[in-house]
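Protein chains in written order, with the working numbering: chain V, 131 to 494; chain P, 380 to 604.
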Amino acid sequence: MASIRIDGLTKVYPGDVTAIDGLDVTVEDGSFFALLGPSGCGKTTLLRTIAGLEEASGGSISIGDRDVTRLAPGDRNVAMVFQDYALFPHMTVTDNIAYPLRIKKVGRSERAAKAAETGEGLGLSALMARRPGELSGGQQQRVALARAMACQPDVFLLDEPLSNLDARLRLEARTFLKRLQKDLGVTTVFVTHDQSEALAMADQIAVMEAGRIRQLGTPSEIFRRPANTFVANFIGSTPMNMLPGKLVGGVLQVGALEGVDAVAAGWAGREAPDGEVTVAFRPEYARVDGKGPLVFEGTVETTESLGASVLVTARTDDGQRVQVVVPEGEEPEVGAVVGVAPASGRVLVYDAEGELLSPSSSVP
Amino acid sequence: MFDVLEKYDILAAFWMTIKLTFFSAIGALVIGTVLAIMRVSPVAVLRRLGAFYVNVVRNTPLTLIVFFSLAGVGIVLQINLVDPNSATSLRDNAIRWAMVALAVYHAAFVCEALRSGFNTVPLGQAEAARSIGLTFGQSLREVILPQAFRGAIAPLGSVLIALTKNTTVASVIGVAEASALMKVIIENETASVAVFLVFALGFVILTLPVGLLFTSLSRRLAVKR
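In structure tokens:
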């Protein structure tokens, strides 16, 4: 067990493609750490560089007290679980699990005992003599996990661990993985493009874009206080409402609405500079009753059922689109005029560069 | 109509065909495996050498290779593959050079069959092997080759069938295999259609079981993913 320290890590592919751009991050010992981002953001490259499958172009990676930047994958004491599991199809489940131990020159009987024990822990006892082709996706994943666990690595690296499972199994596997990680207490880094996976499983999330980390935080920090408009746009099952506004002397002006004292409302710090801003709030944290410091009058264009709730899309007179999630049965008629009002404590203000202006005390 | 055949030792001729096939098949498998490993190796020079071999050999007529082996390498360079003082040295030298030529030629096809087998192995397998800590040689031996051979069984069967039939080219350097005997009989006797049918049947008897065996093997050993 160990923490992972990454300093100034850079990975440049031939042809001057920068996949990772001077990245610093520390993964605490025993934590469940998610690398989240859109495709092409460098998250998989970062994972593969930690694993040693890609060679770093610059910077360093340490696991525990050991600098592993130039070590071969097999010498880093990490175990990788691949997206397609990469089980060896010509070996039985037992052989697959015991194989890394054989490479580490562990004796035959000890290997078999270890494989049986690990397999039993993951509910694979009845399947030990089968080959991977005869297993379901969920069973294959557990074999891949068992193979990783059997050699007791310092760090687990999981590449899109849930993407090869069907939707139903995915929820089950999510709960299973989270419990397994807590039971084992091994530092685990996983890559996902699915924010719900990251929010549900991780202790810490790094949201990445273009080879850099745009925000690092707990799931609730990332969800409640996206540090910039990129993260704000990326996170959330319904898209964040984003409206242009202006901040002058601490007073926020949005469209033709009456100005609101943003400093008093806790949306911007006292030292916030004047200028163009973006006002953002989540559809989940707004209502259509027209009560609040900021109310957007609009006509309801569409209502979409999300199951237990309804997503209402309204358009204001000056053409801005605002969305609200309301409980099922409380949605207004299409064509009705509503006053969309975000909860006061949930309004976020971003400056022209897209960085968050709201002080951290403003959101509980 | 078939009684003319009793004067000739057809079985001995086909036995020579089988011997040629057997030994050159083993040679072709060994050389072809080495070539295929060269073609997937991380060393660029080896990859190019492998590709060069395949392109040159595959695009040269087998007759030229067989003839060149004995006439060019064997006789001009005075390289004997048998004891030159034995009574049958000329005949045996031709047989051995024919085997070498057939092996060298079919190695190119074995290499390509194996390469198609390599392509059935997902890249992730090599990466998984690497991340577990296997060296290139270990991952090749224990992870990649076992899967590549299974994926290559059907095309390897085709190469073996082609090799069996291509042994007839050895007659150009005087190896007394089946087709050489057939020519002799057709020149000496009148029943040429019947003779032709007998020899054609002989080859079918040799190759048909090979095809059936390889098809069933490829089905039974197929890698389930």
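C-beta: ideal position from N, C-alpha, C; glycine also. Note that this is a predicted model, so its numbers are computed, not measured.
Contacts that Val602 (chain P) makes with chain C (C-beta to C-beta distance below 8 Å): You won't find chain C in this structure, because its protein chains are V and P.
Three or more C-beta pairs below 8 Å linking the region 374-381 of chain V and the region 392-409 of chain V: yes
Touching by the beta-carbon criterion (3+ pairs, under 8 Å), the region 308-322 of chain V and the region 196-204 of chain V: no
Candidates V:Ser293, V:Arg178, V:Thr156: closest to Ile150 (chain V) by CA position: Answer by Cα proximity: V:Arg178.
Candidates V:Asp197, V:Ile191, V:Leu314, V:Met338, of which the one nearest Gln325 (chain V) by Cα: V:Met338
Chain-ordered residues of the region 520-541 of chain P with a beta carbon less than 9 Å from chain V: Glu521, Val522, Pro525, Gln526, Arg529
Proximity test, Cβ basis, 8 Å: Met279 (chain V) and chain P: no
Under the three-state DSSP convention, the category Gly380 (chain V) falls into: coil
C-alpha gap between Thr222 (chain V) and Leu252 (chain V), whole angstroms: 16 Å
Run of the beta strand (DSSP E) containing Pro472 (chain V), from where it starts to where it stops: 467-472
Per-residue burial, Phe575 (chain P) [other beta carbons within 10 Å of its own, 16 or more giving buried]: exposed
Under the three-state DSSP convention, the category Met210 (chain V) falls into: strand
Under 8 Å between C-beta atoms of Thr140 (chain V) and Ser187 (chain V): yes
Where the alpha helix (DSSP H) through Pro313 (chain V) begins and ends: Note on residue identity: the sequence assigns Asp, not Pro, to residue 313 (chain V). Looking at the DSSP string, the run of the alpha helix (DSSP H) that includes Asp313 (chain V) is 297-314.
Element boundaries [alpha helix (DSSP H), containing Gly590 (chain P)]: Element bounds for Gly590 (chain P): 571-599.
Straight-line gap, Arg272 (chain V) to Cys171 (chain V) (C-alpha atoms, nearest Å): 28 Å
Residues of the region 505-517 of chain P with Cβ closer than 7 Å to any Cβ of chain V, in chain order: Glu506, Ala507, Arg509, Ser510, Ile511, Gly512, Leu513
Cβ contact (3+ pairs, closer than 8 Å) linking the region 417-427 of chain P and the region 579-595 of chain P: no
Top-ranked residue by Cα proximity to Ala402 (chain V), from V:Pro489, V:Gly347, V:Thr443: V:Pro489
Burial state of Ala362 (chain V), where buried means 16 or more other Cβ atoms lie within 10 Å: With 16 or more other Cβ atoms within 10 Å, it is buried.
DSSP three-state assignment for Ser192 (chain V), whether helix, strand or coil: Three-state result, Ser192 (chain V): strand.
Within-8 Å CB hit, Gly503 (chain P) to chain V: yes
For Val422 (chain P), the three-state DSSP class (helix, strand or coil): coil
Three CB pairs or more closer than 8 Å across the region 469-481 of chain P and the region 540-552 of chain P: yes
The region 485-495 of chain P contacting the region 464-471 of chain P, beta-carbon criterion three pairs below 8 Å: no
Cβ separation of Leu288 (chain V) and Val407 (chain V), assumed to be a contact under 8 Å, to the nearest whole Å: Actually they do not touch by this definition, with Cβ atoms about 39 Å apart.
Environment of Arg520 (chain P) [buried if 16+ CB atoms lie within 10 Å]: exposed
Buried or exposed (CB count within 10 angstroms, at least 16 for buried), Phe578 (chain P): buried
Interface partners of Gly511 (chain V) on chain P, CB under 9 Å: Given a span of 131 to 494 for chain V in the structure shown, any question on residue 511 (chain V) remains unanswerable.
8 Å contact criterion, which Arg412 (chain V) and Met370 (chain V) should meet: CB distance rounded: 6 Å
Nearest-angstrom Cα separation, counted from Ser239 (chain V) out to Pro283 (chain V): 20 Å
Endpoints, the alpha helix (DSSP H) within which Val393 (chain V) is located: 392-395 is the span of the alpha helix (DSSP H), which, as asked, contains Val393 (chain V).
Where Glu290 (chain V) sits in the DSSP three-state scheme: coil
Continuous alpha helix (DSSP H) stretch holding Gly516 (chain P): start and end: 515-518
Paired residues, beta bridge with Leu346 (chain V) - DSSP: V:Ala336
Per-residue DSSP class, three states only, for Phe393 (chain P): helix
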